[in-house]
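Right, one structure below, let's go through it.
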Amino acid sequence: VPALVMSKGHVVDQVPELPLVVSDKVQELTKTKQAVIFLRRIKAWADIQKVYKSQRFRAGKGKMRNRRRIQRRGPL
635 VPALVMSKGH
645 VVDQVPELPL
655 VVSDKVQELT
665 KTKQAVIFLR
675 RIKAWADIQK
685 VYKSQRFRAG
695 KGKMRNRRRI
705 QRRGPL
């Protein structure tokens, strides 16, 4: 399974195991800061950083139509 996830372009080298199994307490996180701490703790923050760095300007006329920026999808 990790090879399939990595072939899609995700950075999961340091994630201990896939599929990732976490407790139900993750659903209680209400702040982004708490989610960032959680993602750093499970070593999945590198995939989020890749999404932040991928933001770029769209080619073509979409820029004039208020669709200026595009970026990759992260772990959904």
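Heads up, this note's numbering is the position in the sequence shown plus 634, with the first residue counted as 1.
Cβ coordinates follow ideal geometry from the N, Cα and C atoms, glycine included.
C-beta atoms of residue i and residue j nearer than 8 Å
i, j, result
"Arg703", "Arg690", "yes"
"Val670", "Leu652", "no"
"Ser688", "Arg706", "yes"
Same chain, Cβ closer than 6 Å to residue i, neighbours up to 5 away in sequence not counted
i, result
"Val649", "Lys677, Ala678"
"Leu663", "Ala669"
Endpoints, the alpha helix (DSSP H) within which residue i is located
i, result
"Val645", "That residue, Val645, is in no alpha helix (DSSP H); it is neither H nor E in DSSP."
Contact set for residue i: own chain, Cβ-Cβ below 8 Å, skip 5 residues either direction
i, result
"Pro709", "His644, Ala678, Asp681, Ile682"
"Gly696", "Arg702"
Task: the stretch 641-653 in contact with the stretch 676-687 per 3-pair CB rule at 8 Å - done: The answer is yes - the stretch 676-687 touches the stretch 641-653, with three or more Cβ pairs under 8 Å.
- [ ] Within the stretch 648-704, note down every full alpha helix (DSSP H) run reaching 4 residues or more, in order along the chain.
- [x] Given a length threshold of 4 residues, each whole run of the alpha helix (DSSP H) inside the stretch 648-704 is given here in chain order: 666-675, 679-687.
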